[in-house]
Amino acid sequence: MASAKGSIPVLMYHSISEGSGPTRIAPQVFQRQMEILEESGYQVVSLPELGEWIRESRDLPVRSTVLTFDDGFLDFATTAFPELLKRRWPVTVFLPVGHVGGTDHWDASRRGSPQRLMDWATVGDLAAAGVDFGAHGVTHRDLTQLAGDQLADEVLRPKAMIEERLARPVASFAAPFGRSSAIVQDLVRRHYRQAVGTELALARIGTEPYAIPRIEMWYFRDPRRWAAFLRGDARTFLLARRLLRGLRRMPIVNPRRVDSVGSTP
């Protein structure tokens, strides 16, 4: 049974905690998002299952979605996971292995004190409870700025470390900040089954399995908007957000310099 309309939303979370900034969602907001997701009749499937669906090698329920969390914040274990466990929903958490047991001090835009990340003991307990862990680099650096051995280390060492600690294969990768390139994707492709990005779009059959788009859940803190999205009534909002993000990333051009090209004094 193929997914409805051939598209599946892959949900992206970071921290489930109070505070400002797009990487934080308040616990009560997250709880309501999960309630609405359950009430909508969606079935949560695993990220590896989605990867096989993209490759057309398995079927998924008509209304499917995928849950992912970046960075391995401690509040995933204390706040988010209990909501998923009581519903028996699968989830993938991406770990920046060099910071496990530490804090998110890489986030220069963060306001307030650094947030704690899970330690290896907590990661092990969650893995035993069924949580899938993926790789998120070593130091949470922008991979597009690295090359050679540095890039290889950031892509390969997380897989080896997680597999050694948990004694289970690591199939998924998420580039820090969502920043990737053809070189990064080629390296990831040789060692993982799929990778997720940060493009605001739905996954479809035939989607590039090493650049799977995700839905940033910070945009759906309003329960009415979230419910509308799940009904298929808010896809224009998603398109608008994607266009605005694209405009922000466009370089600023000086019109005088453009006009002067090829002109006479």
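Going letter by letter, the sequence shown gives residues 44 to 308 in my numbering.
Positions of the beta carbon are idealized from the N, C-alpha and C atoms, including for glycine.
Remember, predicted model here, so these are calculated numbers, not experimental data.
By the Cβ neighbour-count rule, G177 is buried, with 16 or more other Cβ atoms within 10 Å of its own. Taking the C-beta atoms as reference points, V136 is found nearer than 7 Å to G115. The DSSP-derived three-state label of I248 is coil.
Assignment of V166 by DSSP, reduced to helix, strand and coil, places it in the helix class. For the pair of segments examined, the stretch 103 to 115 was found to touch the stretch 126 to 135: the number of CB pairs separated by less than 8 Å reaches three. Cβ contact annotation for A254 (same chain, cutoff 6 Å, sequence separation greater than five): G240, in chain order. Out of F119, D185, S50, the CA that lies nearest to the CA of H57 is found in F119.
The continuous stretches of alpha helix (DSSP H) do not include V136, which lies in the beta strand (DSSP E) extending over residues 135 to 138. Secondary structure at T182: coil, using DSSP grouped into helix, strand and coil. Between E92 and Q71, the alpha-carbon positions lie close to 29 Å from each other. Taking the Cα of I226 as reference, the smallest distance to any Cα among A195, E242, E259 is reached at A195. Boundaries of the alpha helix (DSSP H) around M204: 191 to 209. Residue pairing by DSSP places V53 opposite V109 in a beta bridge. Ranked by Cα distance from S63, the options S156, S89, L54, V143 are led by S156.
When rounded, the separation of the alpha-carbon atoms in F280 and I248 is 22 Å.
Collapsing the DSSP output to three states places T146 in a strand. Distance from the Cα of R106 is smallest, within the candidate group I51, R208, A203, for I51. Within a 10 Å sphere around the beta-carbon of H183 sit 16 or more other beta-carbons, which makes this residue buried.
Per DSSP, reduced to three states, the secondary structure at R257 is coil, with no helix or strand assignment. In the DSSP assignment, V239 falls within the beta strand (DSSP E) that extends over 237 to 239.
When the alpha-carbon of R98 is set against those of G275, P139, E251, the nearest one is in E251. The distance from the Cβ of V143 to that of L160 is about 6 Å, consistent with a contact at the 8 Å cut-off. Taking all protein chains shown into account, Q188 has fewer than 16 neighbouring C-beta atoms within 10 Å of its C-beta and is therefore exposed. Taking the C-beta atoms as reference points, A170 is found no nearer than 7 Å to L138. A contact is defined here as three or more CB-CB pairs under 8 Å, and the stretch 76 to 87 meets this definition with respect to the stretch 263 to 273.
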